[in-house]
Amino acid sequence: MEKRIGTAIIYVENREVAPMLNEVLSRHADIIICRQGFPRSTYNIISVIFEGTTDQIGSLTGQLGRIAGIEVKSALLKLKDNSNEQ
Numbered sequence: 000m001e002k003r004i005g006t007a008i009i010y011v012e013n014r015e016v017a018p019m020l021n022e023v024l025s026r027h028a029d030i031i032i033c034r035q036g037f038p039r040s041t042y043n044i045i046s047v048i049f050e051g052t053t054d055q056i057g058s059l060t061g062q063l064g065r066i067a068g069i070e071v072k073s074a075l076l077k078l079k080d081n082s083n084e085q
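Counting in numbering that gives the first Met the number 0, the sequence shown runs from 0 upward without gaps.
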């Protein structure tokens, strides 16, 4: 299956859900390329960059979206195969 590169922005409304969030991210560590956290007193944001199939990415974002106190938005890129270009 074709892989895609994408990103997800995760808004954490309630820091008490952090253990559940980290558990889901750990289960999908094989597709995560980069993770950044931006803790603030008024809000907490996590940015994740990943590479995987649409099924793998959907599993990750779907599991995150089911956690109460978390909002997730993602975007995917379909990369061109440039192996034949000169």
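Quick reminder that beta carbons are idealized off the backbone N, C-alpha and C, glycines included.
If you draw a 10 Å sphere on the C-beta of A28, you find fewer than 16 other C-beta atoms in it, and that means exposed. The closest CA to that of G64, considering only C33, N43, K2 and V11, is found on V11. Put simply, the backbone Cα of E22 is about 10 Å away from that of V16.
When secondary structure is reduced to three states using DSSP, T60 falls in the helix class. Relative to the Cα of R39, the nearest Cα in the group G51, K2, K79 and N13 belongs to N13. In this structure I56 is buried. Its beta-carbon is surrounded by 16 or more other beta-carbon atoms within 10 angstroms. In terms of Cβ geometry, I8 and I44 form a close pair [threshold 8 Å]. If you draw a straight line from the Cα of R34 to the Cα of E1, it comes to about 23 Å.
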